[in-house]
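Counting in the working numbering, the sequence shown runs without a single skipped number right up to 441 at its last residue. All C-beta atoms in this analysis are idealised placements derived from N, C-alpha and C, irrespective of residue type, glycine included. Contents: one structure, followed by commentary.
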Amino acid sequence: MSSSPSPLRSARGSRLALLVVGLCWLAVLFDGLDMFIYGSVLPHLLETRTFGLTADQAGDLGSYATFGMLVGALVAGTIADRIGRKRLMVSCVTLFSLASGACALADSVTVFGLGRTLAGVGLGGLLPTAISMVSDYAPRGRGAIVIGLLMTAHHAGGILSAYVAKWLIDPVGWRAAFWVCVLPLLFAPVLAKLLPESLSFLVAKGRGEEARALAERYDVEVPAARTGGAGDRWTNLANLFRGNEWIQTLLYWVASFGGLLLVYGVATWLPTLMRAEGYELGSALSFVVVFNLGGIVGMLVAGRAADRFGAPRVSALWFALTAAGVFLLSIHMDMTVTMIVVFFTGVFLNSAQTMIYATVSIRSDADNRATAVGWTSGMGRFGAVFGPWLGGQLLASGYGDWGFTAFAIAGVSSMVFIGIAALRSPQQTATGSERELVAAH
């Protein structure tokens, strides 16, 4: 005999969900601030030749952070399984805050680069862990919308980074911007005190009674215990290459590589490339704000479009529109028109990559879905490392005008590869797991 949860219990569950989502949203906001702050201060660093910085060195520095994110994302699951999701989140916030302090104190490119690399490790480990946390505590039937809400925090951090740079660089200096990124260190004790431990972790550690008591108290579901070990994971990976599946797998991987090259290349170089097109620094930073506003809107509408028209079609179309928008940015236009182009480029660019994960998730067998999405994301992370480096090399070689064109070509390539994958017969049409889909971003 089943009974409906009491209104009191539902209210308490909603309050707990609000607490967890609120704390994780703030953590991801700081994640976005730290991620985007380098791109926001980069035009000033190049103009003043801080550390004797050249364009190619600046591209290398941008890649250090994304390489750190790759490492952080890959090891986050293993570390979280040992110390818990909560402690890992606190550790990640602490790490990227202290690393930003190292950047603020840096007296050489080497120290600054080390700081950005360590910050990237913390940034890469935080996002998937935060998504896991809010997934555990989301009210029944609200998992997707709660995760979508969490993802907006990253772009809100990008908006905040532009204002931090705009307000502080001229009167105080670029180091002040990185000192602001140290302030999340004060948030770490709050996170440690108020954030409950992940239910998934409690179940995985055999603390089932504790997990059930917490879930019953706040009217949330206890996650199913995970089964299978490393052998199963490697078998699932091998399954991605059995028969003709290797073609589909490689198409997804190459599309993801181009997509994240585009995302992180533009995120790093947008203000600098806009300055190269003749816009003032203040205007260039305003483009960062508008771009991330578009990213927030895009995250909220992409899922609805995919549900109606199909994720592969939406992904291909989104990449085509992104490529067109990025290419248009290489043309000096009226400020109003440019702002509109930047906004819609943000709408499509920041959700096109997510649609690749949606396609992989929908077209994968249930037993293989986590592996398929995870490896598609992992291969794409190499594009995230390559994008900032590519922008720096183009500027250093005197081909800065080709920066937007190069990123537009990456968008076209992703459109082609995900389009070819879309034309192939899908394995199945089952809906994917929201947790796996968004966590891969």
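Under the DSSP assignment, residue 333 falls outside any alpha helix (DSSP H); it carries neither an H nor an E label. Beyond the five residues adjoining it in sequence on each side, residue 343 comes within less than 6 Å, by CB distance, of 290, 294 in the same chain, given in chain order. Looking from the CA of residue 409, the closest CA among 150, 328, 181, 354 belongs to 328. Your pair residue 185 and residue 105 does not check out as a contact, with CB atoms roughly 14 Å apart and the cut at 8 Å. An exposed status is given to residue 278, since fewer than 16 other beta-carbon atoms sit within 10 Å of its beta-carbon. Judged by DSSP in its simplified three-state form, residue 169 adopts coil rather than helix or strand. The stretch 346-353 makes contact with the stretch 293-308: 3 or more CB pairs, one atom from each, lie closer than 8 Å. A direct Cα-Cα distance of roughly 45 Å separates residue 323 from residue 193. A direct Cα-to-Cα measurement between residue 203 and residue 214 gives close to 11 Å. A contact between stretches requires three or more CB pairs, one per stretch, nearer than 8 Å, and the stretch 126-137 fails this requirement with the stretch 248-268. Per DSSP, the unbroken alpha helix (DSSP H) holding residue 82 starts and ends at 55-83. Taken atom to atom, the span from the alpha-carbon of residue 208 to that of residue 224 is near 10 Å. Along the stretch 147-213, the alpha helix (DSSP H) occurs as fully enclosed runs of 4 or more residues at 174-180, 187-194, 199-204, listed in sequence order. The residues 194, in chain order, have a CB closer than 7 Å to that of residue 19 in the same chain once the five nearest residues on each side in sequence are set aside.
181 is the residue among 74, 181, 176 whose C-alpha sits nearest the C-alpha of residue 35.
The beta carbons of residue 376 and residue 357 sit closer together than 9 Å. The closest CA to that of residue 111, considering only 363, 51, 270, is found on 51. Closest in alpha carbon position to residue 189, among 264, 87, 172, is 87. Runs of the alpha helix (DSSP H) lying entirely within the stretch 355-413, each at least 4 residues long, are 369-396 in chain order. Minimum Cα-Cα distance from residue 258 among the listed residues 241, 59, 164, 383 corresponds to 383. Taking a C-beta distance under 9 Å as the contact criterion, residue 118 and residue 68 qualify as a contact pair. Restricting attention to 313, 388, 412, the CA atom closest to the CA of residue 424 is found in 313. Residue 275 and residue 395 have their alpha carbons spaced roughly 12 Å apart.
Secondary structure at residue 266: helix, using DSSP grouped into helix, strand and coil.
In the three-state scheme derived from DSSP, where H, G and I count as helix and E and B as strand, residue 278 is classed as coil. Ranked by Cα distance from residue 346, the first of 148, 364, 326 is 326.
For the pair residue 33 and residue 170, the Cα-to-Cα distance works out to about 19 Å. Residue state for residue 307 is assigned as helix, using DSSP reduced to three classes. Within a 10 Å sphere around the beta-carbon of residue 241 sit fewer than 16 other beta-carbons, which makes this residue exposed. Proximity to residue 113 across 298, 66, 237 peaks at 66, based on C-alpha coordinates.
Its chain contains 104 as the residues whose beta carbon lies nearer than 6 Å to that of residue 175, once the 5 sequence neighbours on both sides are disregarded; these appear in chain order.
Of all C-beta pairs linking the stretch 45-61 to the stretch 384-391, three or more are shorter than 8 Å, placing the two stretches in contact.
Residue 362 sits buried, since 16 or more C-beta atoms from the chains shown fall within 10 Å of its C-beta. Going by beta carbons, residue 310 and residue 177 fall outside the 9 Å limit.
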